[in-house]
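Residue numbers (the working numbering): 1 to 71.
C-beta atoms are modelled at their ideal positions from N, C-alpha and C, and glycine is treated no differently.
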Amino acid sequence: MEMEDTSNNTNPTAEANNTSHYTTITIGIVIGLIGIFLRFTGTWPMIDIVSNVIWVVGIVICLRSVLRILK
Numbered sequence: 001m002e003m004e005d006t007s008n009n010t011n012p013t014a015e016a017n018n019t020s021h022y023t024t025i026t027i028g029i030v031i032g033l034i035g036i037f038l039r040f041t042g043t044w045p046m047i048d049i050v051s052n053v054i055w056v057v058g059i060v061i062c063l064r065s066v067l068r069i070l071k
């Protein structure tokens, strides 16, 4: 009988529990919150566009991390 080499197989649960995913999600949430707070604090022109762009960047960072966890 031949034994299977399991050293190259990654454990999906261990990969999902990797702290780098959750650190990235936290950073994405903070970036998104900064975008939301900018929406209410500024009165200069184009603050809505800048705050929306920052908010979307935070959303994209969070979604990428969540999709990596689900993968």
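Asked                                                                                                                 : Found
Spatial neighbours of residue 12 in its chain, beta-carbon cut-off 7 Å, leaving aside the 5 residues before and after : none
Touching by the beta-carbon criterion (3+ pairs, under 8 Å), the segment 27-34 and the segment 48-59                  : yes
Alpha-carbon spacing of residue 67 relative to residue 47, whole angstroms                                            : 30 Å
Element boundaries [alpha helix (DSSP H), containing residue 10]                                                      : Taken as a continuous stretch (DSSP letters only), residue 10 belongs to no alpha helix (DSSP H), as it is neither H nor E.
C-beta contact flag for residue 70 and residue 16 at 9 Å                                                              : yes
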